[in-house]
Amino acid sequence: MHKENSPRAPVLQHVSHNVRRLRNAADLSQTALAEKSGVSRRMLVAIEAGEKNVSLATLDRVAEALEVAFSDLIQAPENRDHSRINELAWAGTIPGSKAVLLARAIARREVELWEFCLAPGDAYVSEADPEGWSEQVYVVEGRLTLRFAEPAAAQQVGPGEFFMFPS
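Residue numbers 1 to 167, in the UniProt record's numbering, belong to the letters of the sequence shown in order.
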């Protein structure tokens, strides 16, 4: 999910607590959740122990299996305002590169507001979302190159510009 700068990053603690709590509330064993989500039981054990960095796509599969929003997994359990998340979910290989889930809004499904900061030369590689999802990118500063599975489909986005695409 992101690099850890401390022995156990806060977001890993939130994920650990929330996955265990939500799994128990759904009356699912780790094995049942593994089967339902397509995530290995071994990975779920490590996630619940707070010992495993995990991809955002893997967490999304766990959230889907638990029938909760992705943000329900990474939000601080004591946070009373469920629309404001403000949790670091990814850090790049170059200092300053990060993704912070800022907020969410319930729509037909869910809308998430993220802040991504990418230092020059860094990259965020994501897995495709399930059918029907889309992304909206707005660049504040610098230039962003979006690369898709089809190499000819690369898109340049500059300051003050936005780009929307099925993800």
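Where is the CB? At the ideal position from N, CA and C, for every residue including glycine.
Separation of residue j from residue i, as counted between CA atoms
i, j, result
"residue 148", "residue 76", "33 Å"
"residue 89", "residue 53", "10 Å"
"residue 101", "residue 135", "14 Å"
"residue 109", "residue 43", "26 Å"
"residue 9", "residue 15", "10 Å"
Simplified DSSP assignment, three categories, for residue i
i, result
"residue 64", "helix"
"residue 73", "helix"
"residue 134", "strand"
"residue 19", "helix"
"residue 145", "strand"
"residue 94", "coil"
Endpoints, the beta strand (DSSP E) within which residue i is located
i, result
"residue 98", "98–105"
"residue 113", "111–117"
"residue 157", "155–157"
Per-residue burial, residue i [other beta carbons within 10 Å of its own, 16 or more giving buried]
i, result
"residue 74", "buried"
"residue 40", "exposed"
Nearest candidate by alpha-carbon position, reference residue i, set the options
i, options, result
"residue 78", "50, 27, 159 and 18", "18"
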